[in-house]
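Undergrad: Pasting a structure below so you can have a look.
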Amino acid sequence: MNYWLLKSEPDVFSITDLKKRPGQTEPWDGIRNYQARNFIRDDMRSGDLAFFYHSNCDVPGIAGILKVAGAARPDPTAFDQNHIHFDPKSKPDSPAWYLVEVKFVKQFKRIISLNELRQHKALSNMRLLQKGNRLSVMPVTASEWQYILKLE
DNA sequence: GCCAACGTTGGC
DNA sequence: GCCAACGTTGGC
């Protein structure tokens, strides 16, 4: 079992949006970064858990938990000329970009803010908190995961 | 809206 | 292969 952190801008897609989706599942599409792609394609397994992180908003932070609900598959939005995430580099016979289906697990009663996470020395090595970090898909260690769960 | 950090692109 | 220019991310 691996743990992850997935970022999304809540104005675009929030944990509340995921909760309201039919079946509470959604394809996590639009990832266009190779490091993030490699995590999704090569390391994510169905059943893995991830923090749902709200970025680029009033209070950035962890909003809840989701579950990886299937194996990685090519991101179809990359093939669609009319889609905002269209990328001519990606072809159906040699896809550049991948996605996984995600399923809602829980919404935290409050946002565990980025600012709060920074207060905890136990989390100082967390990838999210490193300077210049911009990855939208990143691993979380088991100890970081357990520690953050207790903060809710 | 600003801007630091970082990834990508493309000329050479 | 180098690197300047450019675009994007995302906190503030």
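Start counting at 1 in the first sequence, then tack on 3, and there's your number in our numbering.
Yeah, the Cβ is synthetic: ideal placement off N, Cα and C, and Gly gets one too.
Let me check one thing: in DSSP terms, what residues is I65 bridge-paired to?
TA: Beta-bridge pairing links I65 to Y56 and I115.
Undergrad: When the Cα atoms are used, what is the spatial distance from G67 to S93?
TA: Between G67 and S93, the C-alpha separation is close to 32 angstroms.
Undergrad: With H, G and I counted as helix, E and B as strand and the rest as coil, what does DSSP make of W31?
TA: Of the three classes helix, strand and coil, the one that applies to W31 here is coil, per DSSP.
Undergrad: In whole angstroms, what is the alpha-carbon distance linking L19 and Q110?
TA: A quick correction: the sequence has Thr, not Leu, at residue 19. Distance between the alpha carbons of T19 and Q110: 8 angstroms.
Undergrad: Are the beta-carbon atoms belonging to L69 and K106 less than 8 angstroms from one another?
TA: The answer is yes: Cβ separation under 8 angstroms.
Undergrad: Runs of 4 residues minimum, wholly inside the stretch 66–137: which ones carry the alpha helix (DSSP H) assignment?
TA: 117–121, all fully within the stretch 66–137.
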